[in-house]
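As they're listed, the protein sequences go chains A and B. First residue of the first sequence? That's 970 in the numbering used here, and the numbers climb one at a time after it. First residue of the second sequence? That's 189 in the numbering used here, and the numbers climb one at a time after it. Backbone N, C-alpha and C define an ideal beta-carbon position, used for all residues, glycine too. Predicted model only: the values in this text are computed from it and were never measured. Beneath this line is the structure, given in structure tokens, with notes to follow.
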Amino acid sequence: MSGASGSGDDFGRAVARAAVAQALEAAGFDCAHRSAVDAVVDILLRYITHLGRSAAFHANLAGRALANELDVIQALEEVGADTDGFAGAAATGHCLVSSGVVRDLMAFVDSKDEVPFARPLPRFPVQRVQPQPTASLAVAGRETGMRHVPEWLPVFPDPHTYVSTEVWVEPPATKDRVDKVEQVRQRRKAEKSLLSLQQRLAMAGADGFRPVAAVAQDNAEKGKEIQAAGTKRNPFLEPALPPGEKYVSEVDMPPEKKKPSVLEAFAPAIQARTIKEFDAGAGLDQNQRNIVPKERARVHLKIGFGKKPFAAALNSRALDLREDPSFLKEEAKDDKKRRAGMILRASMENPQELPQL
Amino acid sequence: MMNNNSGGGAGGPGGGMGTGVGGGGDGRHDDEAALTEFLSSLMDYTPTIPDELVEHYLGRSGFHCPDLRLTRLVAVATQKFLSDIASDSLQHCKARVAAPIKDNKSKQPKDRRLVLTMDDLSKALREHGVNLKHAEYFADSPSAGMAPSTREE
């Protein structure tokens, strides 16, 4: 039963389902299973289709293109004989007008109350506007003038759709015409450039089309209004002065200084470091014995192409506190000087690697 | 005599035929008038099945007629068919609800609503010459109900 549900006629089935539900409710049912309603809908649509097919068959059998009420009654008799049966179905020579099917329908209409469909429906098989068939030659009253064309054929289309017409040939261009075209082209070019200039001015500012004097006058008026409103004069709100009214001194650029050498640049840092080392050495306690470093002294190597490798040893020797502190000072001073000289020589040879030191 | 007899004999049956034909003609005219009146009264009767639905399915079946009275006639006939099925199903439903369950009285449904089921519908349709059978169960997938070893996944 449900095989025909996927026929693409969902709207018709939905309308039929609503009609069936209304009829079942009118019959006295409180509710219904969905499968039962679908089965009734399918039977209902098959019944209508069967009636229409049978009525059309009887009309065609009688040689008519359109069916009338007698064809419908005969179709109803056929369907009724197949299903319910009706009064007088066994008789063979009865008249269709006095059929028992019609009497049953009359009794049904008289006995049952109207239960109209809940909502008005549109004519849902959308009727496309069909083009009117073209009138024949005989109807239009035209003559073709050709014997082999019968009169029942449709009329020919309008002659302008198929008659060949002359092709318009452009006349050769004369010298005056060329001059006029050139003038028009130049005029268009000038107008285009002027228009682009105006657009550029408009893009530059809202007052682009106004003359400079008017702009200056407006600015002066604005400045006066602001001055009247405030007690003190605001120099930032004053209008711009025209050129040449007030002398403005030129800004003097400072002269370029001489670039310092590497030794001059590093001298303060070297001096500060040596002073700090001496201060640390002077504050040693006399009671302390030998201070052996816990870690081996680190050796920093810098190796490069075309450069002399040098090694700087920090804490290169253990301090013997039993020696004289003044001797320690002198020795530390010589060591620092030697190390600073090595660094400076290396930096002079490779000035580009100063940040890496 | 013979002519008379024959005439009378002919006249007798002829009169009988005339009376019969005349009576039949009057009855036929009455039936035609009744049919015409019935078809015209259908224009005032609004069936449950809308005309647009009937026109659509009649057109699909090859029945084309501009007369709205014929469409209404088919709609009324279909509504009568539907009403007969519904009334028969209602009788079966009432009989099913009213029948007591002897096995267990506690299982008797307290809800006495009249619900159209496929069983009631199939019984009613069988009386109208339509054999309706619904599926015993529905499989949600082709492999449902099969042994796990035979399933092809």
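Query	Result
Mapping DSSP to helix, strand and coil, what is alanine 1370 of chain A?	Any answer about residue 1370 of chain A is impossible in this case: the structure gives chain A only from 970 up to 1326.
Are the CB atoms of leucine 1065 of chain A and leucine 1039 of chain A nearer to each other than 8 Å?	yes
Taking all protein chains shown into account, do 16 or more other C-beta atoms lie within 10 angstroms of the C-beta of alanine 996 of chain A, making it buried, or fewer, making it exposed?	buried
With a threshold of 16 other CB atoms inside 10 Å of the CB of leucine 1035 of chain A, please say whether the residue is buried or exposed.	exposed
Please list, in chain order, the chain B residues whose beta carbon lies closer than 8 Å to that of arginine 1003 of chain A.	Within chain B, no residue comes near arginine 1003 of chain A; the closest Cβ sits about 10 Å away, beyond 8 Å.
Taking the beta carbon of serine 1023 of chain A as the centre, do at least 16 other beta carbons fall within 10 Å, making it buried, or is it exposed?	buried
Given a cut-off of 8 Å on the beta-carbon distance, is the pair leucine 270 of chain B and alanine 1001 of chain A in contact?	no
Straight-line CA distance for alanine 303 of chain B to valine 1048 of chain A?	Note on identity: in this sequence residue 303 of chain B is valine, with alanine being the wrong assignment. Roughly 28 Å between the two C-alpha positions.
Run the CB neighbour count on alanine 1025 of chain A, radius 10 Å, all protein chains shown included, and call it buried at 16 or more, exposed below.	buried
To the nearest angstrom, report how far apart serine 1004 of chain A and lysine 311 of chain B are at their CA atoms.	15 Å
Using the beta-carbon of each residue, which ones in chain B are nearer than 9 Å to proline 1102 of chain A?	Per Cβ cutoff of 9 Å: no residues; proline 1102 of chain A is ~17 Å from chain B at best.
At a CB-CB cut-off below 7 Å, which residues of chain A make contact with arginine 248 of chain B?	Thr1018
Return the Cβ separation of valine 318 of chain B and leucine 1020 of chain A in integer angstroms, given the expectation that the two are a contact with Cβ distance under 8 Å.	Their Cβ separation, rounded to whole angstroms, is 15 Å, which puts valine 318 of chain B and leucine 1020 of chain A out of contact at 8 Å.
Given a threshold of 16 other Cβ atoms within 10 Å of its Cβ, counted over all protein chains shown, does lysine 268 of chain B qualify as buried or as exposed?	buried
May I ask you to list the residues that DSSP assigns as paired with proline 1123 of chain A?	A:Ser1105
Taking the continuous alpha helix (DSSP H) assigned at histidine 280 of chain B, which residues delimit it?	256-286
Taking only beta-carbon positions, decide if alanine 1025 of chain A is within less than 8 Å of chain B.	yes
Under 9 Å Cβ-Cβ, which residues of chain A neighbour aspartate 271 of chain B?	The question names aspartate, but residue 271 of chain B is serine in the sequence shown. Simply Ala992, Ala995, Ala996, Phe1077 and Lys1081.
Can you pull out the residues from the stretch 1022-1049 of chain A whose beta carbon lies closer than 7 Å to at least one beta carbon of chain B?	Arg1022, Ala1024, Ala1025, Leu1035, Ala1036, Glu1038, Val1041 and Leu1045
Please confirm whether glycine 1069 of chain A has its beta-carbon closer than 8 Å to some beta-carbon of chain B.	no
Looking at chain A, is there any beta carbon in it that lies within less than 8 Å of the beta carbon of valine 231 of chain B?	Residue identity check: residue 231 of chain B is methionine in the sequence provided, not valine. No, methionine 231 of chain B lies away from the interface with chain A (no Cβ there is under 8 Å from its Cβ).
Name the DSSP bridge partner or partners of alanine 1001 of chain A?	B:Leu304
Hey, out of A:Gln1167, A:Met1115, A:Val1009 and A:Glu994, whose CA is closest to threonine 266 of chain B's CA?	A:Val1009
Just checking my contact of arginine 260 of chain B with proline 238 of chain B at CB under 8 Å: how many whole Å lie between their CB atoms?	11 Å between Cβ atoms; not a contact.
Out of curiosity, what's the CA-to-CA distance linking valine 285 of chain B and glutamate 994 of chain A?	18 Å
Among A:Val1041, A:Ile1017 and A:Arg1015, whose alpha-carbon lies nearest the alpha-carbon of histidine 1027 of chain A?	A:Val1041
Give the secondary structure of glutamate 1151 of chain A by DSSP, where H, G and I count as helix, E and B as strand, and everything else as coil.	helix
Leaving out the 5 sequence neighbours to the left and right, which residues in its chain are closer than 6 Å to leucine 309 of chain B when beta-carbon positions are compared?	Ser277
Consider the Cβ of alanine 286 of chain B: report whether some Cβ of chain A lies at a distance smaller than 8 Å.	no
State the start and end residues of the unbroken alpha helix (DSSP H) segment that holds phenylalanine 980 of chain A.	979-996
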